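So the sequence lines, in the order shown, correspond to chains W and Z. Every number in my numbering is 33 more than the matching position in the first sequence, counting from 1. Once you know that position 136 of the second sequence is 123 in my numbering, the rest is easy, because the numbers rise by one and skip nothing. From the three backbone atoms N, C-alpha and C, an ideal C-beta is built for every residue, glycine too. All values derive from a computational prediction rather than experimental measurement. Notes follow the structure.
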Amino acid sequence: MPSLADTIEGKRVEGHRPWPRIVVTADGWRGAAIELAAGRATLLGLWGDADPAPLVHMAISDATAAAEILVVSLACPDQRFPSVGVLHPPAIRLERAIQSLYGYAPTGAPDDRPWLDLGFWNVQHPLGARRPAPAARPPYDFLPVEGEALHQIPVGPVHAGIIEPGHFRFTATGETVVRLEQRLGYVHKGIESLMAGATIERAAKLAARTSGDSTVAYGIAFAHAVEAALRIDVPPRARYLRALMAELERLANHLGDIGAVCNDASFSIMHAHCGILREHVLRAAAASFGHRLMMDRVVPGGVTADLTPDRAMQIRNALQEIRRRLPQLVNLYDNTASLQDRTVGTGIVRAEWAQQFGAGGFVGRASGRIFDARKAPGYAPYDTLDFSVPIFAEGDVNARVWVRIREVEQSLSLVEQIIRRLPDGPVAVPAEGGAGEGLGFAEAFRGDVLVAVRIEGGKIARCHLRDPSWFQWPLLEAAIEGNIVADFPLCNKSFNCSYSGHDL
Amino acid sequence: MRRMLLEGLARRPLTEKPPAADDAALAELAASLERAARRRLGRSLAIREVDAGSCNGCELEIHALNNAFYDLERFGLRFVASPRHADVLLVTGPVTKNMRQALERTYRATPDPKWVVALGDCATDGGIFAGSYAVAGGVSNVVPVDLHIRGCPPSPAAILKGLIALLEPANGRAAVR
């Protein structure tokens, strides 16, 4: 089978690591879009760039060989580029975001409404050629709905629970949802604009605050990108400690989610017990690394906290407690008919949607898509560790819970292996100065985080961070169709998409 | 499930001793609240959490307040679903420009008397996101704030210390500093 680089012709850019970046013509760009639409390639990211001239970049991977990655770049001097979304729907929101942030228009795009820009910024195209926003906020047209006995329920941005803000527009007939349309962008903080010109140290802090629940994963993905760009070799001990923190983060989040999904089905005893297990993990993390969420512990060049043997013992003890308690909880989840009644068959994501959108994490794996960035493209030390990636075929809330349960088991084993094999040596090398371009991945608890950086003179010139939620939020819209309104919180929690990671 | 419930009865509670109120928080409250207003707070407070732009780190630690170790409800503090039921708005995040109007509306929807707690470094002054085209800054740039709880994110124990200060009697320790 021909590789992506053979199919898509372009001029290779020097200094982009570890995967190639090629500059293509509009035809080459369309060719890439055709590969995506035909299912031969998976879209990993699509973002704009203004330096030195208007550009759009698209990261894709071979649909059957996830480690074969290519970045395709197209100059758009007239601020237009051929729409990918018209052929491949997963690109639509990414293109709308490029249009809002840069002002580059995707020609032929099926949806030209703004995304992320809700009209409150006083400025248009903040990352491109800035211009003052119009004094009056333009109205936003939700998709039209026609039919008998339909009613709409607007929800948010402020929601009823302790969750992030976003707007959901439900159209329902009786209790049944016929369409959900999301409007996001409420927590857009302009992270990518703050990145431009930032030192690597400050940029790492920003990356770590893109989505707080995945702070370790963002730290790793950002570090991978910077280390690739600057050709930095990270000491083995640092790699193991990163993986240890990443698995603790995954454990804490999955345990919290398993309880929270049950709580949204009004089964609070699971929530209470899972909350205790989650707290054990966070306390072990705080004791070992000095921060409950392990924020700012992963930096380009290594890690900022080392692990002493007695702290390692504390982590082991916390995990022992989880090992002891978890089977009982799983048993309770699996044998409570009223709970199963809510989760089984609810909010189904069809396998072909997960495949088309390249959905990662439990959303993809619950619908048969096995992708895991720890396996492919893969990164150290996971190549030396023994673990499996659980997948399910059903695609419902129940399957997404089960992926989490199985991943908790895998992470428990991974932490044990990491502590046992932890190599000696330094935990960091300096990461400063230099120039280059890099792409980095990390497998967060909810899926693969992608970071692309360009470094010039030791400062960040451009940094793009793509949260896994970009390819999961749209599937939530599809999954809720035909379900009852009351099951939305349950479906939403089973996805647990990041608002902040998506809005940036 | 029965076995788990029985075990729960037999086991010593996980809930930990409450921390003393935070001195800095008490001092800030003493300065911002009149004595009469403090008395009206009473021992039972309904809190409405508003994420006005947070990275969701603060939300995770607010959630933790409800777990068995911290058990927020034993103090009469509980989270409610609507600002119309709330006495306290607990606001996180640098207020994004996209959330400013929603925060103002939430504030207006909260009945008087009401108090605002700004939680986290971002809510204090915009934190690391200050200066962005998309950020309006700390919570006090948008609505009046009675209490700041700092941290990135503040630990549940730190949040608890700050919130307990809201419950301290007006003629108690607050008067000292």
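State yes or no: is the C-beta of residue i within less than 8 Å of the C-beta of residue j?
i: Leu183 of chain W; j: Val156 of chain W; result: no
i: Glu470 of chain W; j: Ala406 of chain W; result: no
i: Arg35 of chain Z; j: Val67 of chain Z; result: yes
i: Ala512 of chain W; j: Ala229 of chain W; result: no
i: Ala262 of chain W; j: Ile488 of chain W; result: yes
i: Asp133 of chain Z; j: Val103 of chain Z; result: yes
i: Ala162 of chain W; j: Leu149 of chain W; result: no
i: Leu77 of chain Z; j: Pro70 of chain Z; result: no
i: Ala110 of chain Z; j: Asp9 of chain Z; result: no
i: Ala96 of chain Z; j: Val126 of chain Z; result: no
i: Arg63 of chain W; j: Pro115 of chain W; result: yes
i: Leu1 of chain Z; j: Phe56 of chain Z; result: yes
i: Val129 of chain Z; j: Thr93 of chain Z; result: no
i: Asn54 of chain Z; j: Ile309 of chain W; result: yes
i: Glu67 of chain W; j: Leu107 of chain W; result: Just to set this straight, residue 67 of chain W is Ile in the shown sequence, not Glu. Their beta carbons are not under 8 Å apart, which means Ile67 of chain W does not touch Leu107 of chain W by this criterion.
i: Glu214 of chain W; j: Leu176 of chain W; result: yes
i: Arg433 of chain W; j: Ser527 of chain W; result: yes
i: Pro141 of chain Z; j: Gly114 of chain Z; result: no
i: Pro6 of chain Z; j: Ala144 of chain Z; result: yes
i: Ala38 of chain W; j: Pro53 of chain W; result: yes
i: Leu64 of chain Z; j: Leu13 of chain Z; result: no
i: Gly252 of chain W; j: Ala237 of chain W; result: yes
i: Pro198 of chain W; j: Pro190 of chain W; result: yes
i: Gly72 of chain W; j: Ile41 of chain W; result: no
i: Gly136 of chain W; j: Ser119 of chain Z; result: no
i: Arg113 of chain W; j: Ala138 of chain W; result: yes
i: Leu147 of chain Z; j: Leu52 of chain Z; result: yes
Could you tell me if the beta carbon of residue i falls within a distance shorter than 7 Å of some heavy atom in the ligand ATP?
i: Thr97 of chain Z; result: For the ligand ATP, the structure offers nothing, since it holds no ligand at all.
What does a CB cutoff of less than 8 Å around residue i pick up in its chain, not counting 5 residues either side in sequence?
i: Pro110 of chain W; result: Ala86 and Pro87
i: Arg316 of chain W; result: Arg325 and Ala351
i: Leu523 of chain W; result: Val294, Asp297, Ala298, Arg375, Thr376, Thr379, Gly380 and Val430
i: Pro435 of chain W; result: For the record, residue 435 of chain W in the displayed sequence is Trp; it is not Pro. The answer, listed in chain order, is Ala399, Pro423 and Phe425.
i: Ala250 of chain W; result: Ala279, Glu282, Ala475, Glu476, Ala477, Phe478 and Val482
i: Gln185 of chain W; result: Val178, Arg202, Phe203, Thr204 and Ala205
i: Gly124 of chain Z; result: Pro81, Val82, Asp112, Gly113 and Ala117
Suppose you measure from the CA of residue i to the CA of residue j; what does that come to, to the nearest Å?
i: Ala98 of chain W; j: Pro410 of chain W; result: 9 Å
i: Gln347 of chain W; j: His535 of chain W; result: 35 Å
i: Arg402 of chain W; j: Ala92 of chain W; result: 19 Å
i: Arg(-2) of chain Z; j: Ser94 of chain W; result: 52 Å
i: Val486 of chain W; j: Asp290 of chain W; result: 31 Å
i: Val104 of chain W; j: Leu76 of chain W; result: 10 Å
i: Pro137 of chain Z; j: Ala121 of chain Z; result: Per the sequence shown, the amino acid found at residue 137 of chain Z is Arg instead of Pro. Roughly 22 Å separates the two Cα atoms.
i: Ala166 of chain W; j: Asp144 of chain W; result: 21 Å
i: Ala345 of chain W; j: Ile517 of chain W; result: 46 Å
i: Ala162 of chain Z; j: Ile49 of chain Z; result: Residue confidence for Ala162 of chain Z is low, a pLDDT of 33 falling below 50, so the modelled location carries little weight; the figure read from the coordinates is stated next. Taking the straight line from one Cα to the other gives about 28 Å.
i: Ala387 of chain W; j: Phe504 of chain W; result: 9 Å
i: Leu(-4) of chain Z; j: Ala319 of chain W; result: 29 Å
i: Gly515 of chain W; j: Thr209 of chain W; result: 6 Å
i: Ala100 of chain W; j: Leu59 of chain Z; result: 47 Å
i: Arg45 of chain W; j: Thr417 of chain W; result: 32 Å
i: Arg31 of chain W; j: Tyr173 of chain W; result: Nothing about residue 31 of chain W can be reported from this structure: the residues present for chain W run from 34 to 537 only.
i: Ala74 of chain W; j: Ala96 of chain W; result: 4 Å
Checking contacts by CB at 8 Å: is residue i closer than that to chain C?
i: Ser31 of chain Z; result: This model lacks chain C altogether, as its protein chains are W and Z.
Can you list, in chain order, the residues of its chain with a C-beta nearer than 6 Å to that of residue i? Leave out the 5 residues immediately preceding and following it.
i: His313 of chain W; result: Ala351 and Glu354
i: Val484 of chain W; result: Ala254, Phe255, Ala258, Gly473 and Leu498
i: Ala39 of chain Z; result: Val78, Gly80, Val82, Met86 and Leu90
i: Gly480 of chain W; result: Gly393, Gly394 and Pro501
i: Ser133 of chain W; result: Pro147, Trp148, Leu149 and Asp150
i: Tyr415 of chain W; result: Arg407
i: Gly218 of chain W; result: Leu149, Leu151 and Asp536
i: His49 of chain W; result: Glu470
i: Leu455 of chain W; result: Tyr273
Excluding sequence positions up to five away, which residues of its chain have a Cβ less than 7 Å from the Cβ of residue i?
i: Glu465 of chain W; result: Ile233 and Gly491
i: Asp84 of chain W; result: Ala494 and Arg495
i: Leu362 of chain W; result: Met303, His306 and Cys307
Mind the definition here: the region 507 to 523 of chain W touches the region 377 to 386 of chain W only if three or more C-beta pairs lie below 8 Å; say whether that holds. With three or more CB-CB distances shorter than 8 Å, the region 507 to 523 of chain W counts as touching the region 377 to 386 of chain W.
Any alpha helix (DSSP H) of 4 or more consecutive residues that is wholly inside the region 146 to 232 of chain W: Counting only unbroken stretches of 4 or more residues, the alpha helix (DSSP H) elements lying wholly within the region 146 to 232 of chain W are 224 to 228, in sequence order.
Inspect the CB distances between the region 265 to 280 of chain W and the region 300 to 310 of chain W and report whether three or more fall short of 8 Å. No, the region 265 to 280 of chain W does not touch the region 300 to 310 of chain W.
Report the start-end ranges of each beta strand (DSSP E) in the region 87 to 145 of chain Z that is 3 residues or longer and not cut off at the edges. Complete beta strand (DSSP E) runs here, min 3: 102 to 106, 122 to 124 and 134 to 136.
Do the region 227 to 246 of chain W and the region 432 to 447 of chain W meet, that is, are 3 or more Cβ pairs less than 8 Å apart? With a cut-off of 8 Å, the region 432 to 447 of chain W and the region 227 to 246 of chain W do not count as touching, because too few Cβ pairs lie within range.
Is the number of C-beta pairs between the region 335 to 345 of chain W and the region 447 to 466 of chain W that are closer than 8 Å three or more? Touching, per the Cβ criterion.
Extract the residue ranges of the beta strand (DSSP E) inside the region 1 to 82 of chain Z, only unbroken runs of 3 or more that lie entirely within it. The qualifying runs are 32 to 38, 64 to 66 and 75 to 79.
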